[in-house]
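Enquirer: Chains as they are written, first to last, in my numbering: chain B, 1 to 185; chain S, 1001 to 1318; chain U, 2001 to 2631.
(1) On the DSSP bridge list, what partners appear for residue 2190 of chain U?
(2) Please identify the residue among U:2383, U:2200, U:2191, U:2175 whose C-alpha is closest to the C-alpha of residue 2211 of chain U.
(3) Give me whichever residues DSSP pairs with residue 2519 of chain U in a beta bridge.
(4) Would you check if the distance between the CB atom of residue 2561 of chain U and the CB atom of residue 2586 of chain U is smaller than 8 Å?
(5) Assuming the contact rule is C-beta atoms closer than 8 Å, residue 2246 of chain U and residue 2283 of chain U should be a hit. Round their C-beta distance to whole Å, please.
(6) For residue 1044 of chain S, return the contacting residues in chain U, with the cut-off set at a CB-CB distance below 8 Å.
(7) Using 10 angstroms around the beta-carbon of residue 70 of chain B, count the other beta-carbons present and answer buried if the total reaches 16, otherwise exposed.
(8) Mind listing, in chain order, the continuous alpha helix (DSSP H) runs of no fewer than 4 residues lying wholly within the stretch 156-181 of chain B?
(9) Using a Cβ-Cβ distance under 8 Å, would residue 2632 of chain U count as near chain S?
(10) For residue 2407 of chain U, does the count of other Cβ atoms within 10 angstroms reach 16, so buried, or fall short, so exposed?
(11) So which residues of chain U does residue 1026 of chain S contact, with C-beta pairs closer than 9 Å?
(12) Whose CA, out of U:2518, U:2085, U:2500, U:2540, lies closest to the CA of residue 2526 of chain U?
(13) Check residue 2524 of chain U in the structure and name its three-state DSSP category.
(14) Kindly list, in the order they appear in chain S, the residues whose Cβ is closer than 9 Å to that of residue 2518 of chain U.
(15) Name the DSSP beta bridge partners of residue 153 of chain B, please?
(16) Whose Cβ in chain B lies nearer than 9 Å to the Cβ of residue 1068 of chain S?
(17) By DSSP, does residue 2614 of chain U sit in helix, in strand, or in coil?
(18) Would you mind stating whether residue 1180 of chain S and residue 2126 of chain U have Cβ atoms separated by less than 8 Å?
(19) For the beta strand (DSSP E) that residue 111 of chain B lies in, which residues bound it at each end?
(20) Determine the DSSP secondary structure at residue 1149 of chain S, reduced to helix, strand or coil.
(21) Could you compute how far the alpha carbon of residue 2425 of chain U sits from the alpha carbon of residue 2610 of chain U?
(22) With distances taken Cα to Cα, identify the nearest neighbour of residue 128 of chain B among B:141, B:107, B:143, B:148.
(23) With 8 Å set as the bound, which would you pick, yes or no: does the beta-carbon of residue 124 of chain B sit closer than that to a beta-carbon of chain S?
(24) So, under 8 Å CB-CB, residue 2034 of chain U and residue 2118 of chain U are touching, yes? Tell me the CB distance rounded to an integer number of Å.
(25) Please report the distance separating the alpha-carbon of residue 2720 of chain U from that of residue 2244 of chain U.
(26) Pull out every residue of the stretch 2562-2574 of chain U whose Cβ sits closer than 8 Å to any Cβ of chain B, in chain order.
(27) Give the secondary structure of residue 49 of chain B by DSSP, where H, G and I count as helix, E and B as strand, and everything else as coil.
(28) State the Cα-Cα distance for the pair residue 170 of chain B and residue 148 of chain B, rounded to the nearest angstrom.
(29) Residue 1301 of chain S: buried (16+ other C-beta within 10 angstroms of its C-beta) or exposed?
(30) Identify which residue in S:1127, S:1119, S:1102 has its Cα closest to the Cα of residue 2352 of chain U.
(31) Taking the alpha-carbon of residue 145 of chain B as reference, which of S:1175, S:1095, S:1183 has the nearest alpha-carbon?
(32) From the DSSP output, read off the bridge partner residues of residue 2554 of chain U.
(33) Would you say residue 2315 of chain U reaches chain B, if we count a Cβ-Cβ gap shorter than 8 Å as a contact?
(34) What residues in its chain sit with their C-beta under 6 Å from that of residue 2321 of chain U, if we drop five residues either side in the sequence?
(35) Residue 2285 of chain U by DSSP, collapsed to three states: which one?
(36) Give a yes or no on whether the minimum CB-CB distance between residue 50 of chain B and chain S is below 8 Å.
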């Protein structure tokens, strides 16, 4: 090796360490930009047609989302075993009471739950009037792309999902996403 | 042993090994062949990432959403849909990140490129390490310039080594000291700037914890345990709302006397509390059936719009 | 009050650690006496120990005015898990981290008088300084909470279930941070001139000690997740698990390249020694900043960017220092069939496995900024890359027994019996069942290794035990993944779930609140092979953290484990969803881990002994140190 021609300076630092260094800097840069890009989070997806939602409600009535075309529908995926869902239920009941004259329908999609536990929850939250569609094996929720409970979708009058909120909704979120749709009637 | 015997033994060993090899290859081929797979639902689920968990596959996760996704896969497999169709169905709903194996496009290529590059690079380095040095007696290579005083000092270590240290080491020492101070200061400043605004203090108020626990117990229809928790919450936070919940829980745990007593405590503070009247009335239906209708009628009068009012009216008329 | 005391401890560390760095630098550069520097290093250890002791006192005394206690303590938590909750969350575990790190520093400082050790102590002290600064400024667990809560939620319920929680994290940390010494010695070698040429001999015992701790820690971690997480597996290729595997791989390679003084492999040794600790730092960054689990949790903690800064700084230092280093050529021609070749092939393979695991772990982090979409890498990727390579590594381990023979024909003869054993194993298992090619090859390779070990008279038991441990783990992993059977079903009381020859009949579902936590318990009568036992898997709900935790019921046996998990119960208690899994030979994995660790400890004892001999007066008098261990 002693008889080799002179190599450039950077090469003498060794190709492996140099590669490691460059890779690490690249990783650092990528992570930092990711960190910066992550700041403007929660990109709303473009409106997509809502998947079908048909079945028998907890009260024994027939439910079909397609029949609610022309109304704004708030679909809330919840379960009695989920603490945050219990907490947000009063907000949904209030929203239903406040906006139903303007054409809002609120539907609870009850994920993998027992009818008794749900009834108890509804009684406790004074939400007996809420339309609840049981989803005992959870396949309806998966069809909607639900990632966890609670999760809330807003379906506009044309039957498209225009907003979704993984996790608990706030009064402000409801106001922001429901009021414009309901006013546009 | 004779030469021929040795050769014969060798042949025998070679033949035996060859036969074993053939059998082993057969076994491997059989094992790799079709029909050896586990059920398609599990295979598909293993390739999907559970959206509600951290790094678990749908097959392994115990979360309800993962269970639902397994059910959805099973349903679709039963309908005869192909694995590719099912994967696409999930990508449509959950985005490409639901696939636990990124497609061989874009950054997904890195998954294979990096190990291959590492293998080639390491193999090259290993080859270089294995190549013998042609001049084993060659003198040691020149030290980097600028450290001429190093070797003699290094050859004889010990406390007496630096009796006459040069200027260079001192400068290096001071520079390092400054560098270290800068490092610590940088961490301090960066930490200060990066620290997010303090999160709200966790809700560890014992009353809140007890209330939460009690509500969950109620949800499981364990009313006596719930009543116990409400009593504890009440000790921390003497509040009529909690008292009412306690009364309801006692009522449901078939302790109407306790419910009546608690409801009366509430009514002592607010005589027209609708919920207080409601619980009192319902409790009295067991303890003193004579007084119950009067209390319940008062309840309906005070709160005609109460969600329970309709039910109570029906009760009163029957 | 206690909080101020703890912060004072951290501040003392923040003073003594850089002081130690500077004093050691004086020793190295100016030849100053080592005693003050040694005292400063011990001071840093005392500061870290004081901080840990204060936090433990606060935890045990339920002093909720201390932030960490308010967030992770709880009156309902039993004493044992209160002690372990020191490392159940980030900020407290950083203190344990500091304690172990400063402990290694103090140990290394004990005999450090020469320049190599002095420079190494500079590196260790700088690393200690960085983490003291991190703990003080970015993750101080002692900050006061106002108003003082009356109770805390307790540590994550998953961390309150298994006694291994008390041993696993400290062992893992001992393994991780042990890597700092080889790293420091590798960086110090080029600075220390002639004394540095021998660095790998001094680094090897430390690398061995770290390797033992890490091996035990990783296996215990697998056992913990098997016994606690309730999904029936022990390894999920999760970022946290991968982060512990990465330094293990490079250190395993280092233990081989450094055999016999590591002559002719100087670059490999320094590269692998650096890689070990850099991967520890990188893993800490990946898992502790939340960067991998979710790119968006990144901003939640200032630790992420700071740790990333440390990683880059360490990479820079390693590149600058070891990259320029040209070790003295000591290579002589060796036959292709030699330990040197095998050791290097092993290193190449392990580095490739590490590269695959690394890119699989960080890809989700890279994809979002580069491609705009999120991606995830699941077990399937590792099963296609890391697992086959690992089987090849196992095969290579089987060749060792024949390496001492220089004659190729003799070596082949020596390999004939293990080869025949491997082939017949593959043939027999492959023709009788269908475990899949990877598992089948693993069985064959394990037979190859074990027969090789049994048929040769071992000269070094350490290597034998290490390789035997690896083979046992391979058999356990292959058997449990190939022949494991599981089924889950919702059973009404009285109904039976059957998997293989094991059946479980649901007898009752009970709700209760043992030790303050709500729990549902299913009683099942499990019958297997004529015997019937009762198993009681649980589902616990922790209201303070709003999470449900499954507590599996595991009947461990030498041949197979029967693993029952309760997934859900109906509101009326009349039925329960139960998962029944039969996992064959899982016990071999834990046994193999123990055997491998024992091998490591044996090697450590040997290395320490030969180190003592080298330090004897005859060796100290300036004669060049030649091969201590037989080559």
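For glycine and all other residues, C-beta sits at the position ideal for the given N, C-alpha and C. This structure is a prediction, so every number in the text was calculated from the model and none was measured.
Expert: To lay it out plainly:
(1) What you label residue 2190 of chain U is simply residue 190 of the third chain in a count that begins at 1. In the DSSP output, where bridge partners are listed per residue, residue 2190 of chain U has none listed.
(2) Start at 1 with the first residue of the third chain, and residue 2211 of chain U comes out as number 211. Selected option, being the one with the closest Cα: U:2175.
(3) Indexing the third chain from 1 puts residue 2519 of chain U at position 519. Looking at the DSSP assignment, residue 2519 of chain U forms a beta bridge with U:2512, U:2540.
(4) Here residue 2561 of chain U refers to the residue found at position 561 of the third chain. Here residue 2586 of chain U refers to the residue found at position 586 of the third chain. Cβ distance < 8 Å, so residue 2561 of chain U and residue 2586 of chain U count as in contact.
(5) Residue 2246 of chain U sits at position 246 when you count from the first residue of the third chain. Residue 2283 of chain U sits at position 283 when you count from the first residue of the third chain. About 6 Å separates the two Cβ atoms, so the contact holds.
(6) Translated into the one-based positions of the second chain, residue 1044 of chain S becomes position 44. Residues of chain U passing the Cβ test: none, with the nearest at roughly 11 Å.
(7) Your numbering for residue 70 of chain B matches position 70 in the first chain. Classification for residue 70 of chain B: exposed.
(8) none
(9) No answer is possible for residue 2632 of chain U: it lies beyond the span of chain U, which begins at 2001 and ends at 2631.
(10) To locate residue 2407 of chain U, count along the third chain from 1; it is residue 407. It counts as exposed.
(11) Reading the second chain from its first residue, position 26 is the one you call residue 1026 of chain S. Simply 2427, 2430, 2431.
(12) Taking the third chain and counting its residues from 1, one reaches residue 2526 of chain U at position 526. The residue with the shortest Cα to Cα distance from residue 2526 of chain U is U:2500.
(13) The residue given as residue 2524 of chain U occupies position 524 in the third chain. Three-state DSSP puts residue 2524 of chain U in a strand.
(14) To locate residue 2518 of chain U, count along the third chain from 1; it is residue 518. 1213, 1216, 1217, 1220, 1222, 1225, listed in chain order.
(15) Taking the first residue of the first chain as 1, we reach residue 153 of chain B at position 153. DSSP lists B:75, B:164 as partners of residue 153 of chain B.
(16) In the second chain, counting from the first residue as 1, residue 1068 of chain S sits at position 68. 111, 112, 135, 137, 138, 139, 140, 141, 142, 146, listed in chain order.
(17) Counting from 1 along the third chain, the entry for residue 2614 of chain U is found at position 614. Note: residue 2614 of chain U maps to helix in three-state DSSP.
(18) Position 180 of the second chain, counted from the start, is the residue given in the question as residue 1180 of chain S. Position 126 of the third chain, counted from the start, is the residue given in the question as residue 2126 of chain U. A contact, by the Cβ cut-off of 8 Å.
(19) For the purposes of this step, residue 111 of chain B is taken as residue 111 along the first chain, with counting starting at 1. Where residue 111 of chain B is concerned, the enclosing beta strand (DSSP E) stretches over 104-111.
(20) Here the question's residue 1149 of chain S lines up with position 149 in the second chain. Low confidence applies to residue 1149 of chain S: its pLDDT is 38, below 50, so where it sits in the model is not reliable enough to give any reading.
(21) The count along the third chain starts at 1 and reaches residue 2425 of chain U at position 425. The count along the third chain starts at 1 and reaches residue 2610 of chain U at position 610. Distance between the alpha carbons of residue 2425 of chain U and residue 2610 of chain U is about 40 Å.
(22) Counted from its first residue, the first chain places residue 128 of chain B at position 128. Out of B:141, B:107, B:143, B:148, B:107 has the C-alpha closest to the C-alpha of residue 128 of chain B.
(23) Taking the first residue of the first chain as 1, we reach residue 124 of chain B at position 124. Interface residue, yes.
(24) Looking up residue 2034 of chain U in the third chain gives position 34. Looking up residue 2118 of chain U in the third chain gives position 118. About 7 Å separates the two Cβ atoms, so the contact holds.
(25) Residue 2720 of chain U lies beyond the range of chain U shown here (2001 to 2631); nothing can be said about it.
(26) 2568, 2570, 2571, 2572
(27) Translated into the one-based positions of the first chain, residue 49 of chain B becomes position 49. Residue 49 of chain B falls in the strand class under three-state DSSP.
(28) Taking the first residue of the first chain as position 1, residue 170 of chain B is located at position 170. Taking the first residue of the first chain as position 1, residue 148 of chain B is located at position 148. Cα to Cα, residue 170 of chain B sits roughly 17 Å from residue 148 of chain B.
(29) Here the question's residue 1301 of chain S lines up with position 301 in the second chain. Result: exposed.
(30) Position 352 of the third chain, counted from the first residue, corresponds to residue 2352 of chain U. Nearest of S:1127, S:1119, S:1102 to residue 2352 of chain U, Cα basis: S:1119.
(31) Position 145 of the first chain, counted from the first residue, corresponds to residue 145 of chain B. Out of S:1175, S:1095, S:1183, S:1095 has the C-alpha closest to the C-alpha of residue 145 of chain B.
(32) Taking the third chain and counting its residues from 1, the one referred to as residue 2554 of chain U is at position 554. Per DSSP, U:2563.
(33) As a working note, residue 2315 of chain U is residue 315 in the third chain. Answer yes: the Cβ-Cβ gap between residue 2315 of chain U and chain B drops below 8 Å somewhere.
(34) Taking the third chain and counting its residues from 1, the one referred to as residue 2321 of chain U is at position 321. Excluding sequence neighbours, residue 2321 of chain U sits near 2187, 2190.
(35) Translated into positions along the third chain, residue 2285 of chain U becomes position 285. Of the three classes helix, strand and coil, the one that applies to residue 2285 of chain U here is helix, per DSSP.
(36) Walking along the first chain from the start, residue 50 of chain B turns up at place 50. False, the Cβ-Cβ gap to chain S never drops below 8 Å.
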